[in-house]
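Number of protein chains: 2
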Amino acid sequence: MSGFVADVRKIFFSFLAVLMISVPVMGQQAIFTVEGQVSPQVNEDRSVTFRIHAPKAVKVEVRGDFLSSGKGGWGSAELTEGESGVWSWTSAPLESELYSYVFMVDGMQMLDPSNVFLMRDVRSLMNIFIVPGEKGDLYSVKDVRHGTVSKVWYDSPSLGMSRRMTVYTPAGYEDSGSRRYPVLYLLHGMGGDEDAWMTLGRATQILDNLIAVGKAEPMIVVMPNGNAALPSAPGEGPDGLYQPITRPEKSMEGSYETSFMEIVDYVDGHYRTVRKAEGRAVAGLSMGGFHSFHISKQYPGTFGYVGLFSATVPRKGGGDGVYSDFDRKIARQFSDGVELYYIAIGKDDFLYDENVWLRQYMDSHGYPYEYHESEGGHTWRNWRVYLSDFLQKLF
Amino acid sequence: MSGFVADVRKIFFSFLAVLMISVPVMGQQAIFTVEGQVSPQVNEDRSVTFRIHAPKAVKVEVRGDFLSSGKGGWGSAELTEGESGVWSWTSAPLESELYSYVFMVDGMQMLDPSNVFLMRDVRSLMNIFIVPGEKGDLYSVKDVRHGTVSKVWYDSPSLGMSRRMTVYTPAGYEDSGSRRYPVLYLLHGMGGDEDAWMTLGRATQILDNLIAVGKAEPMIVVMPNGNAALPSAPGEGPDGLYQPITRPEKSMEGSYETSFMEIVDYVDGHYRTVRKAEGRAVAGLSMGGFHSFHISKQYPGTFGYVGLFSATVPRKGGGDGVYSDFDRKIARQFSDGVELYYIAIGKDDFLYDENVWLRQYMDSHGYPYEYHESEGGHTWRNWRVYLSDFLQKLF
């Protein structure tokens, strides 16, 4: 290292050393904090050790989706106090997966102060960790070529606002000249937004990894905001830093589905897309499955592939606008031809019965579909698997 | 609302109602949690009320950058326990600003469970809130046209890896035909990454808002990762969910500065840029100011505008490679012509003396520069102001 750079580093790091004396440091010039614990620590045998410094606590628990209480729910385990007020607990070896957890300190829920990796699910923040292996690797950033993820605003005249969406373009898109790409429109559930599939759903990582090994076609993936009353995810729009709403207005009353071709037109107008049904898919989870169900039959000849993941589905026909002429629109959809109609749900999902009804409806009319039934319920753990499976069947 | 949709909503919301009985709910199918408190609450008079449910706590404090302890540091205030274990405290009216805070519950630092809005600064997570007004509005998403923010990976042959960067393209970029745009390369500090300016620096909002009112030229802003040993921000690269490093290797030893034209070439090759010095600026904070200092003199005729925000600067010439021939390179830089050389620092910044030296050096050689001295120290609060000021002087 050259002399003057060494000098600069010395000055700078001397300053850092001062900052690092107290834990955590949050003074005026303290841009660095130090946490002494390693937590969570994923061990060689795939067990996981949790640690937290809580010298005054009487009871410390970890709650997580890896601590099953019955049918895949969140359970808890008590940490044991060790030296210097550091509590710890080590799990049994875990299956490869992306897991979520929080700490409970004397009954108060808090995040792990040693782990900066979080996910937000509507109003809940949770720490995450990944146990490597099959699924964990699929959900991790690997040393492969990466797509570009963009936050894009489009104008929606019918909803009267500019709206934010997430667009994934696959690795190589920028350097592939006039090549056109198929498009998957991937829709979130109730309380979600245009960020949900990229954070909770790990869609970026799944897409990068499946495309890299040739298991999925290079495709554009468009993730709009399905709440017709909202322009964007909480905090990303002109309404400021409001608390996320679990039941936004105008989520399942037709406005969004009616406006959907504004999104398709924007995408076709700004990206090199395959502009026919064989090059378009629409899929979504829960409410997004409901949206996909209606959107796919509302616009004939537009979407060749449909994916309903734990979908909310109507039990009977009727309604206005996009919901009208239920039977006739589905009949036309299948008469025009559907490349793939994919239905997936978990055995314990609260929407299971609605999906039984849907399958019976499809069967009774002879509409072909592919059905995937998994363990578990209405969870992102299932939706990541459904997405990973669905992507390999597209285009 | 049509009949069948009403049915679906009824089923769905009945299920939600069950979920909402317990607080917070984190069961298997609990995709929604409920927090009873509103916190923080920004009041009409710009005071702010903090609340937290902590029935077993003995002492609850809020710590934040709005509670000045001396020269702008973080102070604390004690909350008072009210009914049902809800603690609260209301600040004095605050100046318009983006503020950060955490709670201390019986000495344990924790985030506000009622506020999902966070920022990460190296290893620290902090809640944020905005007090509206001049600065607060500038840092907020307003009802204006928005640029696109993309996470892009470029190949760096010299560093031997694919690397992630953030690219802002201004509103209208996609629809402006062959129009070319100037580019600001905006660099982060030690321990930061390609996300820092967009999160802590509110660069997206500042750019959108200044461009919307004509105070800044529409420009492309490129925010690379300045840690030559790392491909990306923590958790966004192949190294997985590791804890952020305050002192990454190869941050200030020349590799990054030497590789920098790979970034410029990528940007010029993939965006409609103005490919001359009058259309390029490089600016950065702290370590990023150090990088900007060296990069701007290393590549003659490349950067017409230079911004050093609380920069680390070398006190004497010498060194190898990009650091060599200090005097000669600066002489050439100013002989070629510099549109703007902008130096900004706070009176309490620990790098103040180095910047005094820099100004003396510039003065002694007759190199023109613009100097902005502010209150306060080495803080994002200052860097947001410097950026907002600098942007209005560009192109």
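Note that the protein sequences, when read in sequence, are chains A and B.
What the first sequence shows, in numbering that gives the first Met the number 0, is residues 0 to 394, in sequence order.
What the second sequence shows, in numbering that gives the first Met the number 0, is residues 0 to 394, in sequence order.
Heads up, the beta-carbon is just placed ideally off N, CA and C, and yes, glycines get one too.
Owing to the predicted nature of the structure, the values given are computational and were not obtained by experimental measurement.
- Contact of H269(A) with chain B is assigned, a C-beta pair being separated by under 8 Å.
- Residues of the segment 87 to 120 of chain B that bring their beta carbon within less than 8 Å of a beta carbon in chain A comprise V101, V104, D105, G106, M107, Q108, M109, L110, P112, S113, N114, V115, F116, L117, R119, D120, in sequence order.
- Taking a Cβ-Cβ threshold of 8 Å, the residues of chain B close to E235(A) are V140, in chain order.
- Within chain A, no residue has its beta carbon less than 9 Å from that of G336(B); the closest one is some 26 Å off.
- Annotation: M286(A) is outside any beta strand (DSSP E); the continuous alpha helix (DSSP H) that includes it extends over 286 to 297.
- Boundaries for M189(B): no beta strand (DSSP E) harbours it, and the DSSP string shows neither H nor E there.
- For P169(B), the closest alpha carbon among the candidates S155(B), T203(B), D136(B), K141(B) is that of T203(B).
- Contacts with chain B at 8 Å (Cβ-Cβ) do not include S175(A).
- Nearest C-alpha to Y180(A) among V221(A), V143(A), D194(A): V221(A).
- N42(B): not part of any alpha helix (DSSP H); DSSP gives it neither H nor E.
- Residue pairing for F302(A): DSSP places it in no beta bridge.
- In the three-state reduction of the DSSP assignment, L199(B) falls in the coil class.
- By the rule that beta-carbons nearer than 8 Å mark a contact, I129(A) touches chain B.
- Among the residues facing chain B, H187(A) is not included, as its CB has no counterpart in that chain under 8 Å away.
- Cβ-Cβ distances below 8 Å link F349(B) to G376, H377 in the same chain, with the five nearest sequence neighbours on each side left out; the list follows chain order.
- Using beta-carbon distances, Q242(A) counts as an interface residue toward chain B, with a partner under 8 Å.
- At least one C-beta of chain B is nearer than 8 Å to the C-beta of S161(A).
- Our two residues, Y184(A) and I219(A), have alpha carbons roughly 9 Å apart in a direct line.
- Segment contact: the segment 150 to 161 of chain B against the segment 257 to 267 of chain B, three or more CB-CB distances shorter than 8 Å; contact assigned.
- Burial state of P313(B) is buried, judged by a 10 Å Cβ sphere holding 16 or more other Cβ atoms.
- Looking from the CA of T89(B), the closest CA among G74(B), P39(B), Y98(B), R119(B) belongs to P39(B).
- V166(A) sits in a strand when the DSSP states are folded into three classes.
- Residue environment: E374(A) is assigned as exposed (fewer than 16 neighbouring CB atoms within 10 Å of its CB, all protein chains considered).
- Secondary structure note for I329(B): its alpha helix (DSSP H) is the uninterrupted segment 325 to 335.
- Within chain A, T147 have C-beta atoms less than 7 Å from the C-beta of V151(B), given in sequence order.
- Close partners of A53(A) in chain B (Cβ separation under 7 Å): M107.
- Judged by beta-carbon spacing, D105(A) lies within the 8 Å limit of K55(B), meaning their Cβ atoms are closer than that value.
- Three or more pairs of CB atoms, one per stretch, sit closer than 8 Å, so the segment 93 to 113 of chain A contacts the segment 93 to 112 of chain B.
- Going by C-alpha positions, R246(A) is about 31 Å away from T147(A).
- Per DSSP, the continuous alpha helix (DSSP H) segment holding T257(B) begins and ends at 254 to 269.
- For the beta strand (DSSP E) assignment, the uninterrupted runs of no fewer than 3 residues enclosed by the segment 124 to 181 of chain A are, from N- to C-terminal side, 147 to 155, 160 to 168.
- For G239(A), the nearest beta carbon of chain B is closer than 8 Å to its own beta carbon.
- Judged by DSSP secondary structure, E96(B) falls within the beta strand (DSSP E) whose first and last residues are 96 to 104.
- In the three-state reduction of the DSSP assignment, F49(A) falls in the strand class.
- Under DSSP, the beta-bridge partners assigned to G63(A) are G74(A), Y100(A).
- Beta-bridge annotation (DSSP): S373(B) is paired with G345(B).
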